[in-house]
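> Below you will find the structure I want to go over with you.
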Amino acid sequence: MSVQGSLVLGVETSCDDTAVALVDPRGAVIASCVASQAALHNDYGGVYPELASRAHIDKILPTVKAVLSDAGINPRDLAAIGVTRGPGLIGSLMVGLNTACGLGHGWEVPVIGVNHLRGHLRSADLEEARVTYPAIVLLVSGGHTLLARLQSATDIRLIGSTVDDSVGEAYDKVARMMGLGYPGGPIIDRLAVDGTPIVRFPRPMLRQGLDFSFSGLKSAVERYLVANPDVQPPDVAASFVEACLEVLISKCRAALAEYPSSCLVIVGGVAASPQLRAAAADLCEGLGVDLCLPPLKWSTDNGAMIGLATWDYLANQVITGTLEPVPGLGMEAF
Ligand code: KG4
Ligand code: ZN
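In structure tokens:
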């Protein structure tokens, strides 16, 4: 099937943001809108799945409308609608998938189910092409922590992943136990700036290959807080961030040593961390490797990354009218 139209509508509802964007084949973002649910989940210290689904239902059509009217385009001219098919919260995913299927049917535009992680991987090429190959990618989000080797944008081999919690989950849970609100990542980062890393929390699996573990670190913080109720919160935050960074950076170093690459790519919500960005810049400068980071606004969940990933599916001529993942694109392991 030939590809009609020059823009893809990317739709992302896998978790707590209703996000839609229009993206061209080179990753230029023509329009984007994100309806955040952070305030809705703040009291729970994490995402409340049923509330998330209901908020997606309220927000999805207004968000699509806002993006289309910003760009002033006729939806019948779209090349496709790309929509996150997983992984994510099932109720939230269903809202995006059903809406995309309905709109695609009405507009006579193909609908393509896109893997959320593939979206994050492509976020580093939004607005401009940054990634050179071969590359190592560190994906650090609320749901995942993994390392992969990229031979191209669509040739992806998983080389390490967490055996329990993701690093973003650890940030969120530590913030919850400290009563700091949700999402925990940005709050902990800001607090850590004013603290001193006085506690040496464990660095789980530091020298054990390319896999990660964060649940023991989270429990160690919990035990420390119970035993030391008078500790200064910024010092706990600084100590926790130091432990996370040492693990993440040393795994990146090990991956680059095992798989020499021209570029280290860091994507996912935790890639918004200024501390992680600075530590990765130091690592890459020392190794003579390029560091490729998505612009801050495309690090956390957004529709643009799903739109750009959709172009990979279109380029591989895989418009089948189904919502199945595309075989042979190296995403099976994900
Ligand atoms: O990629 P993302 O938006 O959603 C998932 O796919 O999970 O990532 C969300 C995660 C949350 O755990 C959040 O606390 C974390 O990213 N995060 C951060 C920062 N901004 C968001 N973690 C550390 N520092 C930040 N500035
Ligand atoms: Zn995500």
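Using our numbering, the letters of the sequence shown correspond one by one to residues 55 to 388.
From the three backbone atoms N, C-alpha and C, an ideal C-beta is built for every residue, glycine too.
1. Using only CA atoms, which one of Arg80, Ser60 and Ser90 lies nearest to Asp355?
2. Does Leu347 pass the burial test, meaning 16 or more other C-beta atoms within 10 Å, or should it be called exposed?
3. Quick check: the Cα distance between Arg172 and Arg211, rounded to an integer number of angstroms?
4. Just verifying my parser: in three-state terms, what is the DSSP assignment at Phe294?
5. I need the boundaries of the alpha helix (DSSP H) containing Gln329, first residue and last residue.
6. Using 9 angstroms as the threshold, is the C-beta distance between Gly145 and Pro103 below it?
7. I want to check one thing, is the minimum distance from the CB of Thr354 to the heavy atoms of ligand 1 below 8 angstroms?
8. If you run the structure through DSSP and keep just helix, strand and coil, what is Ala369?
9. Quick one: residues in its chain with C-beta nearer than 8 angstroms to the C-beta of Cys69, no 5 flanking neighbours on either side, listed in chain order?
10. Is the beta carbon of Val285 sitting closer than 9 angstroms to the one on Ser315?
11. I need the straight-line Cα distance from Ile84 to Ala125, nearest angstrom please.
12. I'd like to confirm something about Pro237: is its beta-carbon nearer than 8 angstroms to some heavy atom of ligand 4, or not?
13. Would you check whether ligand 1 has a heavy atom nearer than 8 angstroms to the C-beta of Glu312?
14. Just checking my contact of Val121 with Ser177 at CB under 8 angstroms: how many whole Å lie between their CB atoms?
15. Look at the alpha carbon of Trp352 and the alpha carbon of Gly235, and state the distance between them as a whole number of angstroms.
16. Please report the residue range of the alpha helix (DSSP H) in which Ile127 lies.
17. By a C-beta neighbour count over all protein chains shown, 10 Å radius and 16 as the cutoff for buried, is Val393 buried or exposed?
18. Let's see if you can read the secondary structure: which residues bound the beta strand (DSSP E) around Glu66?
19. Give me, in chain order, the residues of the same chain whose beta-carbon lies closer than 6 angstroms to that of Val74; leave out the 5 immediate sequence neighbours on both sides.
20. Any contact between the region 243-263 and the region 279-294? By contact I mean 3 or more CB pairs, one from each, below 8 angstroms.
21. Where does Asn169 land, buried or exposed, given buried means 16+ other C-beta within 10 angstroms?
22. Grab me the residues of His110's own chain with a C-beta within less than 6 angstroms of its C-beta, minus the 5 sequence neighbours each way, in chain order.
Taking the coordinates as given:
1. Comparing alpha carbon positions, the residue from Arg80, Ser60 and Ser90 closest to Asp355 is Ser90.
2. Flag for Leu347 reads buried.
3. It is roughly 12 angstroms from the alpha-carbon of Arg172 to the alpha-carbon of Arg211.
4. Assigned with DSSP and collapsed to three states, Phe294 falls in helix.
5. First-last of the alpha helix (DSSP H) with Gln329: Pro328 to Leu341.
6. In this structure, Pro103 lies closer than 9 angstroms to Gly145 by Cβ.
7. Residue side-chain check: Thr354 places its Cβ nearer than 8 angstroms to a non-hydrogen atom of ligand 1.
8. Of the three classes helix, strand and coil, the one that applies to Ala369 here is helix, per DSSP.
9. Excluding residues up to 5 positions away in sequence, Val101, Ala106, Gly142, Leu143, Ser146, Gly196, Gly197 and Asp355 lie with their Cβ nearer than 8 angstroms to the Cβ of Cys69 in the same chain.
10. No, these two residues do not count as a Cβ contact at 9 angstroms.
11. Computed Cα separation, rounded: 7 angstroms.
12. Ligands displayed in this structure: ligand 1 and ligand 2; ligand 4 is not among them.
13. Annotation for Glu312 indicates a beta carbon at 8 angstroms or more from all heavy atoms of ligand 1.
14. In fact, because the Cβ distance is near 17 angstroms, the residues do not count as touching under 8 angstroms.
15. Across the structure, Trp352 and Gly235 are spaced so that their CA atoms are roughly 22 angstroms apart.
16. Bounds of any alpha helix (DSSP H) do not take in Ile127, whose DSSP letter is neither H nor E.
17. Residue 393 is absent from the structure shown; the chain starts at 55 and stops at 388.
18. Residue range Val62 to Glu66 is occupied by the beta strand (DSSP E) that includes Glu66.
19. The answer, listed in chain order, is Val65, Cys87, Thr117, Val118, Val121 and Gly357.
20. The answer is yes - the region 279-294 touches the region 243-263, with three or more Cβ pairs under 8 angstroms.
21. So Asn169 counts as buried.
22. Within its own chain, the residues whose Cβ lies closer than 6 angstroms to the Cβ of His110, once the five positions on either side in sequence are excluded, are Thr67, Thr72, Ser146 and Val149, listed in chain order.
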